[in-house]
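What follows is a single structure, written as structure tokens, with notes after it.
There are 2 protein chains.
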Amino acid sequence: MEINIRKRVLEANETQADKNRAFFKEQNVFVLNMMSSPGSGKTQLLCKSLTKLMPNIRVGVIVGDICTRNDADRLEVTRAKVTQINTDQFGGDCHLAANHILASAKDIGCEDLDLLIVENIGNLVCPAEFDIGEDARAVVLSVTEGEDKPLKYPLMFRVADVAILNKIDLLPFLDFDAKLVVDNMLQVHPRLPVFEMSAQTGQGLEPWLEWLKIKVFTKQEGEG
Amino acid sequence: MEINIRKRVLEANETQADKNRAFFKEQNVFVLNMMSSPGSGKTQLLCKSLTKLMPNIRVGVIVGDICTRNDADRLEVTRAKVTQINTDQFGGDCHLAANHILASAKDIGCEDLDLLIVENIGNLVCPAEFDIGEDARAVVLSVTEGEDKPLKYPLMFRVADVAILNKIDLLPFLDFDAKLVVDNMLQVHPRLPVFEMSAQTGQGLEPWLEWLKIKVFTKQEGEG
Chain A
0 MEINIRKRVL EANETQADKN RAFFKEQNVF VLNMMSSPGS GKTQLLCKSL TKLMPNIRVG
60 VIVGDICTRN DADRLEVTRA KVTQINTDQF GGDCHLAANH ILASAKDIGC EDLDLLIVEN
120 IGNLVCPAEF DIGEDARAVV LSVTEGEDKP LKYPLMFRVA DVAILNKIDL LPFLDFDAKL
180 VVDNMLQVHP RLPVFEMSAQ TGQGLEPWLE WLKIKVFTKQ EGEG
Chain B
0 MEINIRKRVL EANETQADKN RAFFKEQNVF VLNMMSSPGS GKTQLLCKSL TKLMPNIRVG
60 VIVGDICTRN DADRLEVTRA KVTQINTDQF GGDCHLAANH ILASAKDIGC EDLDLLIVEN
120 IGNLVCPAEF DIGEDARAVV LSVTEGEDKP LKYPLMFRVA DVAILNKIDL LPFLDFDAKL
180 VVDNMLQVHP RLPVFEMSAQ TGQGLEPWLE WLKIKVFTKQ EGEG
């Protein structure tokens, strides 16, 4: 029964995601869906990235959490346009779905944005199943989470267009094999681009920002 | 629609959880449901705990993962009875539900066990919603995950009977306030017992094991 119910939910989501995609195309904004476990450092990574990207690239952020607007408050310091979705009003949903996104995107106003980032709810499982009409998906994994995670949560790494291995400043204090985790990512998703970095220290941030800028410009030129 | 569907799924789960509870009572085995984000250190914590508990306390483990039997392989070294559930055969479920548990519990054989531990799928959201007929719930949070997690994922901390703050050996290398995270846990769940430890070094393991032993003996005496 549960599998059939899930199928219906995912079909309804896909219909809404197509509508979102049409809206984002019309607005000529590149949409990145950023996903990870709780505590992998998504918000810090975004704070650092936005500071570097703005104002040349005009960024908006939709932040998803079950409760609190902590992350939105942290991101607003960058002067990006930020809006928070709390899913406790939708029964505590464990992911952002397509139907959460469109109203927030309209609310934030996409007409003067180049890039809209959706910081999804901290969960390495469910968000991977829900298309929100995005142009690209990023998964963030931190080096404290263990090398086996790409093999244990393969869907997330399979649907990702880019992976970030965060908190590499902690490597000297951990029994963690960075080459092994990258090999495991590539085993489930061959040729996945992987950026190793520390959002805390800023090490390795630039190649990731270059990748993101190229994606944004390519969409704008393709439709300009 | 999604909320109604969820309600039906949870009701069906509750019915099965009651059946599990009756079975566990009949077998006189204490059942602990252990939950956390991916990579918080559940498996290492269990490996260390089982080595100390056995053979005086006879332990079995049901390990849930979407894919792989890595964790079961690691736990078998302790000589506990271990069985792995992979939810990829159930559509990649993001949590263990009551209907996953009974067959595995019968398969592992509970009649010669004092303690059955269910290592749930790494996810700080969904497993909290699914009663599996357990006697107690433990949540593990590691110090690399950020102090705000109890406020952002309150249901997990609200349903927990005990919390473990793991990886305290990393505190000297992090900008992390251990007092603040405990305060946040107590804000969502007053009087929640919290054990601070490092499963890696063994620091702080004993008080947690004492807590667990008392729980197991109390159930056995109550029903002996």
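Just so you know, the protein sequences line up as chains A and B, in that order.
Position 178 (the first sequence) corresponds to 177 in numbering that gives the first Met the number 0; numbering is contiguous.
Position 136 (the second sequence) corresponds to 135 in numbering that gives the first Met the number 0; numbering is contiguous.
Backbone N, C-alpha and C fix where the C-beta goes; we use that ideal spot for every residue, glycine too.
| Check | Outcome |
| --- | --- |
| Need the endpoints of the beta strand (DSSP E) that B/Ala235 sits in, please. | Look at the range of chain B in this structure, 0 to 223, and you will see that residue 235 of chain B is not part of it. |
| Looking at the structure shown, is A/Asp87 part of a helix, part of a strand, or coil, going by DSSP? | helix |
| Apply the 10 Å Cβ neighbour rule to A/Gly223 and answer buried if 16 or more other Cβ atoms are within range, or exposed otherwise. | Here the model assigns A/Gly223 a pLDDT of 46, short of 50, so the residue's position is not dependable and the matter cannot be decided. |
| By how many angstroms is the C-alpha of B/Asp168 removed from the C-alpha of A/Asp92? | 33 Å |
| Among the candidates B/Val8, B/Gln199 and B/Lys218, whose CA atom is the shortest distance from the CA of B/Gly38? | B/Gln199 |
| Buried or exposed, going by whether 16 or more other CB atoms sit within 10 Å of the CB of A/Pro206? | exposed |
| Below 8 Å on the Cβ atoms is my contact criterion, and I expect A/Asn100 with A/Asn19 to pass it. Report the Cβ-Cβ distance as a whole number of Å. | This sequence places Ile at residue 100 of chain A; Asn is not what is there. Rounded, the Cβ-Cβ distance is 6 Å, consistent with contact. |
| If you run the structure through DSSP and keep just helix, strand and coil, what is A/Phe172? | helix |
| State buried or exposed for A/Thr217, treating a residue as buried only when at least 16 other CB atoms are found within 10 Å of its CB. | exposed |
| When Cβ atoms are compared, which residues of the stretch 144-178 of chain A fall closer than 9 Å to chain B? | Glu144, Gly145, Asp147, Lys148, Leu150, Lys151, Tyr152, Pro153, Leu154, Lys166, Asp168, Leu169, Pro171, Phe172, Leu173 and Asp174 |
| If the criterion is Cβ atoms closer than 8 Å, does the pair B/Val8 and A/Ile4 meet it? | yes |
| Taking the straight line between their C-alpha atoms, what separation do you get for A/Ser197 and B/Leu123? | 24 Å |
| Quick one: grab the DSSP three-state call for B/Ser48. | helix |
| Relative to the C-alpha of A/Phe156, which candidate in A/His188, A/Asn165 and A/Lys166 has its C-alpha closest? | A/His188 |
| Comparing alpha-carbon positions, which option in B/Val28, B/Thr42, B/Gly201 and B/Arg68 lies nearest B/Ile56? | B/Val28 |
| Taking only three categories from DSSP, how would you classify B/Met33? | strand |
| What three-state label does DSSP hand A/Phe194 in the structure shown? | strand |
| Looking at B/Lys166 and B/Thr143, is the spacing between their C-beta atoms short of 8 Å? | yes |
| So with Cβ pairs under 8 Å, would you call B/Ile4 a contact of chain A? | yes |
| Rank A/Val58, A/Thr82 and A/Arg78 by C-alpha distance to the C-alpha of A/Asn69 and give the top, closest one. | A/Thr82 |
| Establish whether the CB of B/Pro189 and some CB of chain A are separated by less than 8 Å. | no |
| How would you label B/Ala102, buried or exposed, when you count the other beta carbons within 10 angstroms and need 16 or more for buried? | exposed |
| Pick out whichever of B/Val161, B/Val60, B/Phe23 and B/Met53 has its Cα sitting closest to the Cα of B/Phe194. | B/Val161 |
| Distance check for B/Asp111 and A/Tyr152, CA to CA, integer angstroms please. | 33 Å |
| Considering only DSSP beta bridges, list what A/Ile163 is partnered with. | A/Val139 and A/Phe194 |
| Quick one: does A/Ser103 have its CB under 8 Å from some CB of chain B? | no |
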